[in-house]
Every structure is written in structure tokens, then in C-alpha cells.
Amino acid sequence: MARFPWWHRRPRPRRHGVPINAVIVGLNYYSNDGVRSLQGAVNDAYKFRKGLLRYYQAKKRNIKLFVDAKLKNRKYRCVTCSDVVTAIMDMFRKARRGDILVYYFAGHGGSTSTKQYNNNSGNIEFLRTNKGDIRDGVMRQLSESVPEGCLFYIVTDCCKCGGLVEGVHEQIGTSTKHSVIRVRGEEPRMRYLSSLRKTSDIPNAIHLSACQNFQLSAETFFEDQNQSGGLFTDSLLKVLKKNYFRVSNIDLTRKIRKRMRNMKLKEKQHAGLYCSDVQGEFNFLSFEWMGLSKRRKRKLEKMGQTAIGSLKGMLPHKVIQSLEREDGTWQWDRIVDDFVVKGKMKNCLAVCGGTNDVSVAFGLLVSELSDKPWKGKVINFSAEPDLHVIEGDDLRSKTNFVKDMERGVNIDFQRVFDCILDVAIEENLKEDRMIKRIFVLSDMEFDEASANSWETDYQEITRKYGEAGYAVPQLVFWNLEDSRIGPIPATQNGVVRVGGFSENLLALFLVNEGDITL
899 MARFPWWHRR PRPRRHGVPI NAVIVGLNYY SNDGVRSLQG AVNDAYKFRK GLLRYYQAKK
959 RNIKLFVDAK LKNRKYRCVT CSDVVTAIMD MFRKARRGDI LVYYFAGHGG STSTKQYNNN
1019 SGNIEFLRTN KGDIRDGVMR QLSESVPEGC LFYIVTDCCK CGGLVEGVHE QIGTSTKHSV
1079 IRVRGEEPRM RYLSSLRKTS DIPNAIHLSA CQNFQLSAET FFEDQNQSGG LFTDSLLKVL
1139 KKNYFRVSNI DLTRKIRKRM RNMKLKEKQH AGLYCSDVQG EFNFLSFEWM GLSKRRKRKL
1199 EKMGQTAIGS LKGMLPHKVI QSLEREDGTW QWDRIVDDFV VKGKMKNCLA VCGGTNDVSV
1259 AFGLLVSELS DKPWKGKVIN FSAEPDLHVI EGDDLRSKTN FVKDMERGVN IDFQRVFDCI
1319 LDVAIEENLK EDRMIKRIFV LSDMEFDEAS ANSWETDYQE ITRKYGEAGY AVPQLVFWNL
1379 EDSRIGPIPA TQNGVVRVGG FSENLLALFL VNEGDITL
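Going from the sequence shown to my numbering is simple: count from 1 and add 898.
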């Protein structure tokens, strides 16, 4: 066979750098003799483990494997529900911030109908072990127990596993939200409604299922049982390999569905994805954000255009830029008056510094919209930040004052919060007059901008504010130089992150007071 030159060879997939801990379960048999035994569930478990070890740099000691098949060189054991749940809880206890936690299951699955109308699918889904079932309610409790700063991936290759984690937002799949329709002379029946507008209330769990909660999962059978396996797991691994293991959860699910659709199965099987909107754009088995999907980009653009229309095309930084050639005071006053009438930014404070027109204009605007004692004040971006009263008689002089403030390469966020708390205590402010949101507009990443560890700072900030009887203000950090435009997922508590810059994004940011929810 002729060898291709090196420039024709496909590059090797980049290896993963995030610590991965996993519980992998592959069960061919079920305790009920009336249920047909599988051939490939155990093989799928070994294939999935091999993929984690080879391509994601997982360590074998961090992977707990449960199999039950009597195949060559594989010892049989009875795997119970308690074994699996205990192993997952042990994985949670040993996990550290930044770890990826994985639970993979290949085997038998099922569902039973329920009259609990608060159930998200109208059925109780479960995973069948050799002894006992793991129900959807248990999976939800496990998902809610994920350690802070970790991400829990649930990958299931079994029948009727679509709604396995109770109540999680559905990204891709036949809707699992139901309502009861009563028709005269008939029993109540279920009608499935769209749940795509609902937001997941489980922030650290992502569920990738082989099929919907009413479908069966296909398996290939061979005389040599070592070659058998589920079509979903096979498609999952091949799609990952083809995309060099850099594909978002949403795109991965769609590619799997397309691949399985091309197989022309007798019974339809559609993979499903259950997670929040932002998690859907994470790289599979990673915290890495792949950027906004095309759908959310179009939505952001449309919302931004609507926001610009509501501002009548007048943006604060445009007025600041025009000061060199004309007096834009009347335009500025009009912008401020419009926001005052709408009651926007009343309990907000800005941290800014440097000469960036967007940062300066935003800081000035927020300072004029705030109520006393915050009105006309801004905090400088520095290792020793302080609350400054903006000086100047006109817009030009105020702009120059903000641009000339001391600026450093990073900022002490704990001191920023201390400045606000000191004023609140001194003025004996009530909760409704306290700052609710702090805006930081910068040209660097959040971790680079913070002088100290945010986790340590946030714990101390929470303690101080709690002792004073105030709620901790939300920190909104906007990196204007980020190549990714839109909301960026933040793994830290108390922080909302935004990246990139466009006039549509700025208008949307102003109209929604920094809350950009797509």
C-alpha cells in the first residue's frame, strides 16, 4: 500500500486536558428471565472506557467499571442499583473543582406510566441493573448533588432513556413536556408541548441519551459477541473521532441523529440532549465553550436590532467619540432622560478605567442614572480601587476625568465590594437602596483581571455582606476584546460574563441592564 506524504495525513486529535472521573456500566443481563439478554452492552462499556483513556487523557484509576457478562477473560458479577449509585456518590466526594464527572450506562432501560402531572414526561424512566432499578427521580437527586465547579455528563445507551433526569431542559428531541387534555366522554389524555423555552434548574448536569422516552435503542448482533454493540455508542465514538474530539454537545447530538437516520432503521431512534442553552454549546466532556450556536447568534442579532430601535440609534460611546468635533451634551442628556423615564440602572455601579470609549461612556451613564449616594460616582480599575466622585462641569471634562483615573493591570474585587459595603453601612442604607449589580468593562479575561482567587474572595465577600444584612451584588464582567460575542458561561458563583463587542450587543446590554438571556 502506497504511503501518502505527511501533508496529506490527517492530524491527530488534540488530547484533552481536563481531569475526568467516570463510572461506566455495561450490563447484558437482567434478572427477569422474560427479558431478552443483550450482547453488546459490555462491549460498549469497554469501548467508551477506551475512548476516555486514549483520547481524553483519563486515568484508569479514576474510572470505575461495572460489567456482568461471562465473556472471555471477563469475570461475571452481579451489579446492583446500590453499587452504581454508591460509586457515583463516591466519585462526587473525591471530585475537585474543574473536574469532568461522567456516568455512562449501556444496558436495559424502561418506563412506566404515572399519574403525577408534575412529571416532565408523564412516565417514570429507569435504568435496569441486575438487581434493582435506578429511577429518574434518583438521577435528578444525583444531578443536584454535583460538587460546585464540576460538570456531570450522563450518557445512556438503552431503551426509553429520553427523560431520565427528571425536569432537565430539553435541547434536542421530541418534547417531553405534557399537559392533560380533558375531552367530554373520554379519559384524560396527554398532549406533548414544547419545553424548549424552559430553563434547566440543574446548572451542572448534561444528559445525552440514545433515544427518546418512547423509543427503543438498536443493537447489532454477531456470532462473535465481542463484535456486538449499540448503534448509538458506535455513532458517538465515530462522530467524535471524525471531528477530532472538538464538537459542541448540540452539534454532536445532531451529527449522531443524522448518522443514525442514514442507517434507515426499521424503528426510528433519535438521540436526545438535555441541558441548559449555554451547556449545549460546551465542547463534549469539557468546560470549553465553543461559542454561540447559529440559532442563538441569529436571536442575539434580532434582539440587538430591536434594542437599538428602542434607543433610537443613540449609543453612549458614539456621543463620547463625537466630542472631539462637536458638543454632544444635548444628545447625552437625551439618552440619560430616556433611561431615567424607564427607571433603568437605578441600583448599579460601574468599574472602569483606561481610554476605551465604550467603558468610559458606560461608566458615566451608570453614574448619572444611579440614585444617591451612588449618583455621580465610579470605581477605578486598579489593584487599589476606590470610589471616586466624577468631577467636571460638562460632558467633556467628566470624560477626561474618567480617562485620567489611575488604572492597573488587575483589580482587587474584594476591595471593590468593601468600598460599596462601607458606604452602605455609613449611610445606613435599606436593602432597596443598595447596589444590586456591579459592571466591569475590561479588555482582558476575568481570571487575568482578578488579582486574587475569585473563589476565596467570594467566600469572604459573602460573609461580610451577610453579617451586615445585605445581599451580595451581582458582578457582571464584560471582556470587550473577546473574539466570542455574546454571553459566556461562567463557572464561578456570583459572576455573569459577556464577551466581544458589537453595537447590537451594547444596545441589548443597556436595555436589559446587563441581563443578556438568550
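Glycine included, every Cβ here is placed at the ideal spot set by N, Cα and C.
Where the alpha helix (DSSP H) through S1257 begins and ends: Taking the sequence shown and counting its residues from 1, the one referred to as residue 1257 is at position 359. Its alpha helix (DSSP H) spans residues 1255-1267.
Rounded separation between R995 and N960 - CA only: As a working note, residue 995 is residue 97 in the sequence shown. As a working note, residue 960 is residue 62 in the sequence shown. About 15 Å.
Strand pairing of W1376, partner residues [DSSP]: On the sequence shown, residue 1376 is found 478 positions in, with the first residue counted as 1. The partner list for W1376 (beta bridge, DSSP) reads L1339, V1396.
Stretch-stretch touch, CB-based, cutoff 8 Å, three pairs: the segment 992-1012 with the segment 940-948: yes
Length of the line joining the Cα atoms of I1154 and L1171: Counting from one through the sequence shown, the residue named residue 1154 turns up at place 256. Counting from one through the sequence shown, the residue named residue 1171 turns up at place 273. Whole-angstrom Cα-Cα distance: 11 Å.
Within 8 Å, strictly: CB atoms of A1108 and T1054: Walking along the sequence shown from the start, residue 1108 turns up at place 210. Walking along the sequence shown from the start, residue 1054 turns up at place 156. Contact: yes.
Reference D1236; option with closest CA among W1376, C1250, A1248, V1264: As a first step, residue 1236 is located in the sequence shown; it is residue number 338 there, counting from the start. Measuring from the Cα of D1236, the nearest candidate turns out to be V1264.
For R1026 and T978, the rounded distance between their alpha carbons: If you number the sequence shown from 1, residue 978 lands on position 80. If you number the sequence shown from 1, residue 1026 lands on position 128. Those two C-alpha atoms are separated by around 9 Å.
Separation of T1151 from F1182, as counted between CA atoms: Taking the first residue of the sequence shown as position 1, residue 1182 is located at position 284. Taking the first residue of the sequence shown as position 1, residue 1151 is located at position 253. Straight-line Cα distance between these residues: approximately 10 Å.
For K1275, three-class secondary structure by DSSP: Counting from one through the sequence shown, the residue named residue 1275 turns up at place 377. Strand, per DSSP.
Beta-carbon contacts of K958 that lie in its chain and below 7 Å, excluding the five residues immediately before and after: Along the sequence shown, read from residue 1 onward, the residue named residue 958 stands at position 60. Answer for K958: L951, listed in chain order.
Bounding residues of the alpha helix (DSSP H) (the contiguous stretch that carries V1176): Numbered from 1 along the sequence shown, position 278 holds the residue referred to as residue 1176. From DSSP, the alpha helix (DSSP H) with V1176 extends over 1175-1178.
Start and end residues, alpha helix (DSSP H) containing Y1363: Taking the sequence shown and counting its residues from 1, the one referred to as residue 1363 is at position 465. Per DSSP, Y1363 belongs to the alpha helix (DSSP H) from 1352-1366.
Contacting residues, own chain, Cβ-Cβ under 8 Å from I998 (five flanking each side not counted): For the purposes of this step, residue 998 is taken as the residue at position 100 of the sequence shown. The answer, listed in chain order, is V916, P917, I918, N919, C1048, L1049, Y1051, L1183, S1184, F1185.
CB-CB length for I1333 against P1371, believed under 8 Å: Within the sequence shown, numbered from 1, the residue matching residue 1333 stands at position 435. Within the sequence shown, numbered from 1, the residue matching residue 1371 stands at position 473. Yes, they are in contact, since the Cβ atoms of I1333 and P1371 sit about 5 Å apart, within 8 Å.
Inter-residue CB distance, C1317 and D1284 (contact presumed, cutoff 8 Å): Here residue 1317 is taken as the residue at index 419 of the sequence shown, counted from 1. Here residue 1284 is taken as the residue at index 386 of the sequence shown, counted from 1. With 8 Å as the limit, C1317 and D1284 qualify as a contact, their Cβ atoms being about 6 Å apart.
Chain-order list of residues whose beta-carbon lies under 7 Å from that of N1102 (same chain, five-residue window excluded): Stepping through the sequence shown from its first residue, residue 1102 is reached at position 204. Leaving aside the five residues that flank N1102 on each side, the residues in its chain whose CB is nearer than 7 Å to its CB run, in chain order, V1044, C1048, L1049, F1050.
For T1297, the three-state DSSP class (helix, strand or coil): Indexing the sequence shown from 1 puts residue 1297 at position 399. T1297 falls in the helix class under three-state DSSP.
Alpha carbon of S1220 to alpha carbon of S1280, nearest angstrom: The sequence position of residue 1220 within the sequence shown is 322, counting from 1. The sequence position of residue 1280 within the sequence shown is 382, counting from 1. Near 28 Å, if we compare the C-alpha coordinates of S1280 and S1220.
Through-space distance from V1258 to I1277, alpha-carbon basis: Counting from one through the sequence shown, the residue named residue 1277 turns up at place 379. Counting from one through the sequence shown, the residue named residue 1258 turns up at place 360. Whole-angstrom Cα-Cα distance: 11 Å.
CA nearest to the CA of E1042, picked from K1162, N1021, M987: Sequence index remark: in the sequence shown, residue 1042 carries index 144 (1-based). Among K1162, N1021, M987, the Cα nearest to that of E1042 is on M987.
Environment of E1289 [buried if 16+ CB atoms lie within 10 Å]: Counted from its first residue, the sequence shown places residue 1289 at position 391. Under this definition E1289 is an exposed residue.
Span of the alpha helix (DSSP H), counted from its first residue to its last, around S1146: Stepping through the sequence shown from its first residue, residue 1146 is reached at position 248. Here S1146 belongs to no alpha helix (DSSP H), and DSSP marks it neither H nor E.
Presumed contact (8 Å Cβ cut-off) between F1418 and V1393, rounded CB distance: Since the first residue of the chain shown is 899 and the last is 1416, residue 1418 is not available in this structure.
Beta-carbon spacing of V1234, L1267 below 8 Å: Taking the sequence shown and counting its residues from 1, one reaches residue 1234 at position 336. Taking the sequence shown and counting its residues from 1, one reaches residue 1267 at position 369. For V1234 and L1267, yes; Cβs fall inside 8 Å.
T1131 burial status per 10 Å Cβ neighbour count (16 or more: buried): Numbered from its first residue, the sequence shown carries residue 1131 at position 233. With 16 or more Cβ atoms within 10 Å of its Cβ, T1131 is classed as buried.
Cβ pair L1138, V1145 closer than 8 Å: Here residue 1138 corresponds to residue number 240 of the sequence shown, with the count starting at 1. Here residue 1145 corresponds to residue number 247 of the sequence shown, with the count starting at 1. A contact, by the Cβ cut-off of 8 Å.
A1322, buried or exposed, once every other Cβ within 10 Å from all chains shown has been counted against 16: Here the question's residue 1322 lines up with position 424 in the sequence shown. With 16 or more other Cβ atoms within 10 Å, it is buried.
Proximity winner among F1260, R1335, K1242, relative to K1301 (alpha-carbon distances): To locate residue 1301, count along the sequence shown from 1; it is residue 403. The residue with the shortest Cα to Cα distance from K1301 is F1260.
E1304 classed as buried or exposed, judged by whether at least 16 other C-beta atoms fall within 10 angstroms: Taking the sequence shown and counting its residues from 1, the one referred to as residue 1304 is at position 406. Per the 10 Å Cβ criterion, exposed.
Those residues which DSSP pairs with G924 across a bridge: Reading the sequence shown from its first residue, position 26 is the one you call residue 924. G924 pairs with V965, A1004.
Cβ-Cβ distance between K1275 and V1256 below 8 Å: Here the question's residue 1275 lines up with position 377 in the sequence shown. Here the question's residue 1256 lines up with position 358 in the sequence shown. Going by C-beta atoms, K1275 is not nearer than 8 Å to V1256.
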